Amino acid sequence: MRTKIGIIFWIEGFSGSGKTSISKNILAEMSEKFGKTIILSGDILRQFFDRSGYSKKDRTQNSHKFSKLLQFLANQGLNIIYSAVCLNNSARKIYKKNIKNFFQIYIKSDVKKIIKLKKKKTYKNKKNILGIHIKPEYPKNYDIMIENNFNKSIRKLSVELMKKIKKNKKLKLK
158 MRTKIGIIFW IEGFSGSGKT SISKNILAEM SEKFGKTIIL SGDILRQFFD
208 RSGYSKKDRT QNSHKFSKLL QFLANQGLNI IYSAVCLNNS ARKIYKKNIK
258 NFFQIYIKSD VKKIIKLKKK KTYKNKKNIL GIHIKPEYPK NYDIMIENNF
308 NKSIRKLSVE LMKKIKKNKK LKLK
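In this text, residue positions in the sequence shown follow the working numbering: the first is 158, and each later residue adds one.
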């Protein structure tokens, strides 16, 4: 008996946009709807592969290894909620090419507002910050977009996302 291929639920947006918090909020419901689901992030895979560079070139190079691991896990029937800053057309193209069941969710937010609200320490005195030092390349052909302008709770954004996932015809629910 062949295992069905898992789905990679790619969540992309600026650091501090709510990707990880939303992922944690939707995990149980995603497992219920689609089967065994785990959460991974670009940061976790950076640690796993001992990759520390954050330049655009580094980010693109990481995409080759990271996408192959994600597809390997999906081939085992595992669904993955994968959060990544990305905002890089070259890297995104690699992921889309290497991953069969790629479902793209874009968390749209304003990096200046994230910094003003002090949502992430990442922005303090560091180099190669996407949206500050590196020009972001926003996705154009995503499956779902959620806007986080920080006037709704993460819980409300998570509920909004799950409603959109349930309505999306690309996904077949259990």
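No residue lacks a Cβ here, since even glycine has one placed at the ideal position from N, Cα and C.
On a predicted model such as this, the values are computed, not experimentally measured, just so you know.
For Leu197, does the three-state DSSP call read helix, strand or coil?
-> strand
Report yes or no: do the stretch 189-209 and the stretch 263-272 share at least 3 C-beta pairs separated by less than 8 Å?
-> no
Who are the Cβ neighbours of Ser174 in its own chain at under 6 Å, not counting the five residues just before and after it?
-> Ile264, Ser266 and Asn305
Buried or exposed by the 16-neighbour rule on C-beta atoms within 10 Å, applied to Asn295 | Note that residue 295 corresponds to Tyr in the displayed sequence, not to Asn. By the 10 Å Cβ count, Tyr295 comes out exposed.
Thinking Ile256 and Ile322 are a contact (beta carbons under 8 Å), I'd like their distance in whole angstroms, please.
-> Going by Cβ atoms, the distance from Ile256 to Ile322 rounds to 17 Å, so no, they are not a contact pair.
Member of Lys222, Lys327, Ser178 and Lys213 whose CA lies at the smallest distance from the CA of Ile238 = Ser178
Arg208 versus Ala241: straight-line alpha-carbon distance, rounded = 14 Å
Is the Cβ-Cβ distance between Asn232 and Arg312 less than 8 Å?
-> no
CB-CB length for Ser172 against Lys277, believed under 8 Å | 5 Å
To which residues of the same chain is Ser188 closer than 8 Å at the C-beta, ignoring the five residues directly before and after it?
-> Thr194 and Asn236
So what's Ser188 in DSSP terms, helix, strand or just coil?
-> helix
Tell me where the beta strand (DSSP E) around Tyr280 begins and ends.
-> Neither: Tyr280 is in no beta strand (DSSP E) and is coded neither H nor E.
Taking buried to mean at least 16 other C-beta atoms within 10 Å of its own C-beta, is Gln204 buried or exposed?
-> exposed
With C-beta atoms as the reference, is Leu274 less than 8 Å away from Phe307?
-> yes
Return the CA-CA distance between Phe191 and Leu287, expressed in angstroms with no decimal places.
-> 32 Å
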